[in-house]
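Below you'll find the structure, written out as structure tokens, and then a few comments.
Protein chains: 2
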Amino acid sequence: MKLFFSPTSPYVRKVVVAARELGILDRLELVVTSASPVDSGAPIQGYNPLGKVPALLLDDGTVLFDSRVIAEYLDGQAGGAKLFPEGAARWPAIVLQALADGMLDAAILTRYEQVLRPAEKRWPEWVEGQMNKVVRGLDQLEQRWTGHLSGPLDIGCIAAGCALGYLDFRYPDLGWRAERPALASWYEGFAARPAMQATEPKG
Amino acid sequence: MKLFFSPTSPYVRKVVVAARELGILDRLELVVTSASPVDSGAPIQGYNPLGKVPALLLDDGTVLFDSRVIAEYLDGQAGGAKLFPEGAARWPAIVLQALADGMLDAAILTRYEQVLRPAEKRWPEWVEGQMNKVVRGLDQLEQRWTGHLSGPLDIGCIAAGCALGYLDFRYPDLGWRAERPALASWYEGFAARPAMQATEPKG
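Which chain is which? The protein sequence lines are A and B, in order.
Using my numbering, you'd call the opening residue of the first sequence number 1 and step up by one each time.
Using my numbering, you'd call the opening residue of the second sequence number 1 and step up by one each time.
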């Protein structure tokens, strides 16, 4: 299987951390790929019409995307019901993943606004609205999710860890730890896992 | 269960169509809710920190989001493995859902750019990049997915139908049918389903 990969994409990181935690990383060939919302013509578009990484090319030519689909597929390849539990434990795992992915969507839209878009076309209210989603998400992680995060590893925990890692990478001055001691404590331990250490973004 | 609802959101429509097709719509109380990416303070934020609809409030106070999680939960409430098949049929169903959702993400970002953002801050390259995702997605639907779409109903078919319905609603001049006869033919039949007729967006 070929995984179209970017070393700074937090959605790619989620998939690679999942593969490592599942013990099947050696079955993935990582293919470094660039993707940009304003670059029509990037090779990834031939595999994923949305022009985004990660995408997973199977040996039969099938392409799987997005990161949620790929992570669940890898879970199945590792025997199933590991990071995507069955029964009642499934819903908190995939709601937490949706929360973390949504925080990332907002943080990445903010970055496009602040880095990619020409300076004179930036809209402060847009940045404020998106970053408020991130802040409310952080508050909910602190208030409602630290118990879950400290339980069995699932895709929600991995997604939350990758979201926090992205905030540290791209928004080092956000200071999210200051008023969220339980979340900060959890992340300190989670970020030390070998799968997280091996995938830390550099850019 | 209370579903936070907007009559024009295609992600809400996907969930409501799924509930109707599963025969469990009568178990949902629809609560009309507004959501905007630049309105911090909207009541939905108290349920979903991402400030988006749909969100599903369960009787025990748990809140589920986003649309993919809710649709899968409703499938489970209806007995399971109906719109989210198990086994090999699962992957095309959820890849197609990811494709359709991704086309919607791009179409909605374009609409925010063209309607919500002040005129002098709009960036044509952004709109072009996002709408190219929509066009490539339409091309892939025509070229690779019409066989799947004509098979058993699954969440991918519903997501694709809601994405095409949104394009007709917000981009009536896009003319997507002209060079995509197989997709147009499928959608003509799909849009006539009672679940689609009952949820057609107006606004």
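C-beta atoms are modelled at their ideal positions from N, C-alpha and C, and glycine is treated no differently.
Checking the sheet assignment: what are the DSSP bridge partners for A192 (chain B)? DSSP lists no partner for A192 (chain B).
Spatial neighbours of F190 (chain A) within its chain, please: CB distance less than 6 Å, with the 5 preceding and 5 following residues excluded, ordered by chain position. Taken in chain order, the residues that qualify are G161.
In whole angstroms, what is the alpha-carbon distance linking S9 (chain A) and F84 (chain A)? C-alpha separation (whole angstroms): 22 Å.
Is DSSP giving L3 (chain B) helix, strand or coil here? Three-state result, L3 (chain B): strand.
The segment 137 to 152 of chain B touching the segment 176 to 186 of chain B, judged by at least three CB pairs closer than 8 Å: Yes, the segment 137 to 152 of chain B is in contact with the segment 176 to 186 of chain B.
Any C-beta of chain A under 8 Å from that of Q114 (chain B): It does not: the Cβ of Q114 (chain B) has no partner Cβ on chain A nearer than 8 Å.
Chain B residues whose Cβ lies nearer than 9 Å to that of G23 (chain A): Near G23 (chain A) there are no residues of chain B at all, since even the closest Cβ is about 21 Å away, more than 9 Å.
Any beta-carbon of chain B closer than 8 Å to the one on L28 (chain A)? So, not an interface residue.
In whole angstroms, give me the CA-to-CA distance for L104 (chain A) and M131 (chain A). Near 10 Å, if we compare the C-alpha coordinates of M131 (chain A) and L104 (chain A).
Just to confirm, are R27 (chain B) and A198 (chain B) a CB contact at a threshold of 8 Å? No.
At a CB distance below 7 Å, what residues from the segment 69 to 82 of chain A approach chain B? Give them in sequence order. Against chain B - using a Cβ distance shorter than 7 Å - the residues of the segment 69 to 82 of chain A are V69, Y73.
Beta-carbon of I94 (chain B) versus every beta-carbon of chain A: anything under 8 Å? At least one C-beta of chain A is nearer than 8 Å to the C-beta of I94 (chain B).
Sort B:M1, B:V12, B:F4, B:K2 by Cα distance to A201 (chain B) and report the nearest one. It should be pointed out that residue 201 (chain B) corresponds to Pro in this sequence rather than to Ala. Distance from the Cα of P201 (chain B) is smallest, within the candidate group B:M1, B:V12, B:F4, B:K2, for B:V12.
Give a yes or no on whether the minimum CB-CB distance between E142 (chain A) and chain B is below 8 Å. Under the Cβ distance rule, E142 (chain A) does not count among the residues neighbouring chain B, no pair being separated by less than 8 Å.
Please say whether A159 (chain B) and D101 (chain B) have beta carbons closer to each other than 8 Å? Against a cut-off of 8 Å, the Cβ pair of A159 (chain B) and D101 (chain B) comes out as a contact.
Count the other CB atoms, across all protein chains shown, that sit within 10 Å of the CB of S150 (chain B); report buried if there are 16 or more and exposed otherwise. Label assigned to S150 (chain B): exposed.
Reduced DSSP secondary structure (H/G/I, E/B, other) of E200 (chain B): Note: E200 (chain B) maps to coil in three-state DSSP.
For F169 (chain B), the nearest candidate out of B:W123, B:P194, B:I108, B:P124 (CA to CA): Per the C-alpha coordinates, the member of B:W123, B:P194, B:I108, B:P124 positioned closest to F169 (chain B) is B:I108.
Just the C-alpha distance for A119 (chain A) and A106 (chain B), rounded to the nearest angstrom, thanks. For A119 (chain A) and A106 (chain B), the gap between their C-alpha atoms comes out near 22 Å.
Would you please verify whether the beta carbon of V38 (chain B) is less than 8 Å from any beta carbon of chain A? Taking a beta-carbon distance threshold of 8 Å, V38 (chain B) counts as an interface residue toward chain A.
Check this for me: beta carbons of D75 (chain B) and L22 (chain B), under 8 Å apart or not? Yes, the Cβ-Cβ distance between D75 (chain B) and L22 (chain B) is below 8 Å.
Mind pulling the chain A residues with CB within less than 8 Å of R177 (chain B)? Per Cβ cutoff of 8 Å: no residues; R177 (chain B) is ~18 Å from chain A at best.
Segments of 4+ residues assigned as alpha helix (DSSP H) that fall wholly inside the segment 99 to 148 of chain B: Listed in chain order, they are 124 to 140.
N-terminal and C-terminal residue of the beta strand (DSSP E) that V31 (chain A) is part of: V31 (chain A) -> beta strand (DSSP E) spans 29 to 32.
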